[in-house]
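Read top to bottom, the protein sequences are chains A and B.
Quick note: to get our numbering, add 35 to the position in the first sequence (first position is 1).
Quick note: to get our numbering, add 13 to the position in the second sequence (first position is 1).
The C-beta atom is built at its ideal place from N, Cα and C for all residues, glycine as well.
This one's a predicted model, so the numbers in the text were calculated from it and none came from an experiment.
Report on the structure given below.
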Amino acid sequence: MLIALVLCIMLFVWMVMWHVYGKQNPSSTTYKTSTVEFTELTEAYTKQNMIGQDNGIPVVRPEPNSDVFLMAEMWRWSPVLVLEINQAYRMHISSKDIVHGLSIQPVNMNFQVYPSYDYVLEFKPTEAGEYRVVCNEFCGIGHHTMIGKIVVIEKEEDLKLYGYENFKKAATPVKTEDNKPMSEADMALMGEQVFTLKGCGACHKTDGSALIGPSWKGLYGKEEKVKENGKEMTVKVDDAYIRESILEPSRKITVGFEQTMMPQMAVTDEEINQIIAYMKTL
Amino acid sequence: MSNTIQESGAQQEGVAVAASMNPGNYRVCDITGFKVDLSSEKLIRANAVASVISLLLAVVAALLLVFTRYQPVHLLNAEWYYRLVTFHGLNALIFWIIFFEIAGLYLGSSVFLNVRFCSPKTGWVAFALMVAGLVMSNIIILMGKADVMLTSYTPLKAHPLYYLGIILFAVGALIGVILFFGNLMIARRERTYGDSLPLVTYGLMTAAIIAVITLASGALIYIPTFLWSLGLIENIDPAMYKLIWWGLGHSSQQINVAAMVSIWYMVSFLTVGGTSINEKVSRTAFVLYILFICLASAHHLLTDPGVSSAWKVWNTSYAMYLAVLASMIHAFAVPSSYESAQRRWGYNKGMFEWLSKAPWSNPAFSSTMLAIIGFGFIGGTTGVIFGMEQTNIIVHNTIAIPGHFKGTVVIGTTLTFMGITYYLIPLIFRRKIVGMGMARWQPWLFFIGIALLSISMIVLGQLGVPRRHWDSTFSGGPFTYNFNPAVDFFWTLMMLGGTIAFISVMMWIGIVVVSVFFGPKVNGPGDMQLTLSPLAPPAKTHKGFEAPGTLLLTFIFLLVFLALFFLNWKWLAATWYVK
């Protein structure tokens, strides 16, 4: 009995000592936030620091010792991060919608992610390589598609390994001049950025394969079968229909995609026009 | 050792028991000598039947889940996979275990104490509520209205009737627990037992007290969540939800532990006439469970935002892990009670003759022994290591977590409950066991199956495989990821283990159903297929420690624990730095 008791006390002391001498301790820093606030912060952060995109997800290369935003949403981790080995990053991690699980592989580090709690974890990667961020808390039907990426580089040349060598920071892909309407091509470029930033790609592919939502490839101008209040009808995918689908996603539902409702997206009128321009190019 | 169950059974003649029971409402058991109130017998039967049905539902779902996660088969689609994970969790962890525990509480209070059932009508109301809850929640799940997992973390929302079903079930269970205390009060007033409660009833009382605390937490979280699902409450804070939900989810496992350990002591008594070598210490250990399990939910928040490290470390350990200590005391006291009794029966040669000459052909005995081994070596070691703040980082939400509780709840609790059922069939259902040959190796098969399943899951989790995840090839995602190639081997092992365990459960259910409904009637002690051992004789000479074999086994256990402990901390030290 005595041995058991001593062992039990040692276990407690061990945990406390690891906080003093160990290098892996869950942080105690949390900020209360709201899903809306955190989404705005992450979008602004990503837009400002984006250097390119990888499979529809923006890529950000943060400065060492800076604050980094990583957002979980149904069903993606955004942005993709390019980190440097042995440098510390203060990661602000939260969710846009429901509870998710941050799981960095293959180092196998796992943390819980809540909506409206900003968890600040200071990570210092100790090995270079390509890492994946898996979601390991059930978050709905697309849970298994929720996988993000973190790249840890030792030297600049390492970027080539991931095809990131030509990525450059550009705040906006197009220079906007006041009072001058943008060309269709510029609008489409802006639309692609909205597509990436807002995470449309988590459900809509642009290569013709259907995922959780219909693919956008060749969608513009197509005739689609939809259901409104259970009644089936055919509509033409035009500007008006796309606008309505974004603003009122559950009004007309494309046949074959009834399972998962599209969420209400926070987008401006201008952004919708850009998305439409982008869709026309696909 | 003055208050073993059979002695209190024998005391009935000297006590005015009959005054409280009308003749015709009870029978005197011709095997044990207990006065059995017929209305409590009916209630025990009903609850036991409901528990077996729940187990059947749970394991059918389990098999489909195993063959979905086993990627070469990948049986179910994503929707049905998540639906059945929810279904399996609820039926296995809640319905099967709690129905069985209610049956156990009625048995331990009414039958063992020779007392009438305080209010049979209320007992049936409790049973009806629980069945209604089971039916309601299960139907809603299968309709696809509650794909939220057992934990149903907000803001995931299920249909209101899902929460209502669980609330009904919990209210029914709470009434059952109150009836248990009612029986104890009658027994105490009418002095139907000796100086103190028999150890097994004492353990069950511990389980009942924890059940009240647990069900209160359950009400605290499920009632607001139910109102939220109806739209009457605006918002349920997700972190608060998780904190309180686990006040139900984890503490309820302590009910299982207390009930299971009680049965371990009982089986020791029934099979070899063993009693705890230090009954005071055993009782104290039960009290430790009540006192130190109150914030068990902290184990589930170790890598969460919102609570500080100081809070986590303190509340998972209370500086000295007193609940763990209690389990270690029992894990020593139960095998040592077998050893001590066996040695007094004369199996005294060497370190382990007591074990090799033990009644292994008695399925209740082998179930209990295997349950102790699995609970300690698989569930216990991983439980302590995964429950430490920092090492939790490398396992949180991975499949190692269900791997851990397959070791505790499935090998520990479920196998123990299956084992004791072999005594309930002749003594409560009054039927002979049909298929004794099969019954002898059913516990072994179950142990091997779940051990394989559980250990594979733990290894897979250590390799990073997430739990509750339909497709670990991430099809349809923007990126893909290949886990360490070793996972293929362990997936296969897990599938094999799951299949073996499934077959074993089917054998057990088959034996139980055929025996109870079609088995030959038991007409006296001659029809008893399992031994009912008399109390072991007192020791002739006292030389040295009573149970050296158990002591040696305990040291082996501690060595295994330390090896796993340092292995896990070594893995942790190899990860990125984080603070």
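Contact defined as beta carbons within less than 8 Å: I believe residue i pairs with residue j. What is the distance between those atoms, to the nearest angstrom?
i, j, result
"A:C331", "B:L338", "This structure gives no information on residue 331 of chain A, because the portion of chain A shown stretches from 36 to 317."
"B:V535", "B:R444", "6 Å"
"A:S69", "A:S151", "5 Å"
"B:F100", "B:L155", "7 Å"
"A:K159", "A:N121", "6 Å"
"B:I226", "B:S275", "At roughly 18 Å, the Cβ-Cβ gap does not stay under 8 Å, so B:I226 and B:S275 are not in contact."
"A:V229", "A:I281", "The Cβ separation is near 11 Å, so there is no contact."
"B:A171", "B:K158", "7 Å"
"A:L156", "A:I128", "6 Å"
"B:F390", "B:V573", "6 Å"
"B:A186", "B:M218", "With 8 Å as the limit, B:A186 and B:M218 do not qualify as a contact, their Cβ atoms being about 16 Å apart."
"A:T161", "B:Y590", "6 Å"
"B:I223", "B:Y166", "The pair is not a contact, with the Cβ atoms about 24 Å apart (cut-off 8 Å)."
"B:P173", "B:L261", "Rounded, the Cβ-Cβ distance is 19 Å, inconsistent with contact."
"B:L56", "B:Y119", "5 Å"
"A:F47", "B:Y334", "7 Å"
DSSP beta-bridge partners for residue i?
i, result
"B:H343", "Answer is none; B:H343 lacks a bridge partner."
"B:R58", "BP columns for B:R58 are empty, so no partner."
"A:F146", "A:L137"
"B:R444", "B:K534"
"A:K266", "A:E263"
"A:K271", "A:E258"
"B:Y608", "Nothing in the structure corresponds to residue 608 of chain B, since chain B is present only between 14 and 592."
"B:T411", "B:P479"
Mind checking which residues open and close the beta strand (DSSP E) that includes residue i?
i, result
"A:C170", "164-170"
"A:G136", "135-140"
"A:L156", "152-159"
"B:D50", "48-50"
"B:V41", "39-41"
"A:T289", "287-289"
Over the uninterrupted alpha helix (DSSP H) stretch that includes residue i, give me the two end residues.
i, result
"B:D501", "499-531"
"B:K583", "561-586"
"B:S226", "The sequence shown places Ile at residue 226 of chain B, not Ser. Segment 212-242, the alpha helix (DSSP H) holding B:I226."
"B:W373", "Element bounds for B:W373: n/a, residue is neither H nor E."
"B:V161", "Neither: B:V161 is in no alpha helix (DSSP H) and is coded neither H nor E."
"B:Y95", "91-102"
"B:V148", "133-155"
"B:I398", "394-399"
"B:R202", "173-202"
"B:G117", "110-119"
"A:V229", "219-233"
"A:D304", "304-315"
"B:L256", "251-262"
Do we get a CB-CB distance below 8 Å when we pair residue i with the residues of chain D?
i, result
"A:P249", "Absent from the structure is chain D; the protein chains it does hold are A and B."
Under the criterion of a Cβ to heavy atom distance below 7 Å, does residue i qualify as lining the ligand FAD?
i, result
"B:L163", "Annotation note on the ligand FAD: not contained in the displayed structure, which lists no ligands."
The stretch 459-476 of chain B touching the stretch 145-152 of chain B, judged by at least three CB pairs closer than 8 Å: no
Any 3 or more C-beta pairs closer than 8 Å across the stretch 502-515 of chain B and the stretch 174-184 of chain A: no
Contained beta strand (DSSP E) runs [length at least 3] in the stretch 54-133 of chain A, N- to C-terminal order: 65-67, 85-89, 92-95, 102-108, 111-113, 115-119, 124-130
Completely contained beta strand (DSSP E) runs for the stretch 269-324 of chain B, where each covers 3 or more residues: none
Cβ pair count under 8 Å reaching 3, the stretch 317-324 of chain B against the stretch 274-294 of chain B: no
Any beta strand (DSSP E) of 3 or more consecutive residues that is wholly inside the stretch 175-206 of chain A: 182-188
Touching by the beta-carbon criterion (3+ pairs, under 8 Å), the stretch 126-146 of chain B and the stretch 72-88 of chain B: no
contact_flag[the stretch 422-442 of chain B, the stretch 523-540 of chain B] where n(CB pairs < 8 Å) is 3 or more: yes
Three or more C-beta pairs below 8 Å linking the stretch 369-382 of chain B and the stretch 402-410 of chain B: no
Inter-stretch contact (C-beta, 8 Å, three-pair minimum) for the stretch 103-118 of chain A and the stretch 153-170 of chain A: yes
Inter-stretch contact (C-beta, 8 Å, three-pair minimum) for the stretch 517-525 of chain B and the stretch 446-464 of chain B: yes
Inter-stretch contact at 8 Å, needing at least 3 Cβ pairs: the stretch 245-260 of chain A / the stretch 277-296 of chain A: yes
Validate contact between the stretch 48-68 of chain A and the stretch 338-358 of chain B using beta carbons, cut 8 Å, 3 pairs: no
At least three beta-carbon pairs within less than 8 Å, the stretch 567-581 of chain B to the stretch 131-142 of chain A: no
Any 3 or more C-beta pairs closer than 8 Å across the stretch 106-122 of chain B and the stretch 58-73 of chain B: yes
Three CB pairs or more closer than 8 Å across the stretch 231-244 of chain B and the stretch 173-190 of chain B: yes
Contact between the stretch 474-483 of chain B and the stretch 419-428 of chain B (3+ Cβ pairs under 8 Å): no
Touching by the beta-carbon criterion (3+ pairs, under 8 Å), the stretch 39-52 of chain B and the stretch 275-291 of chain A: no
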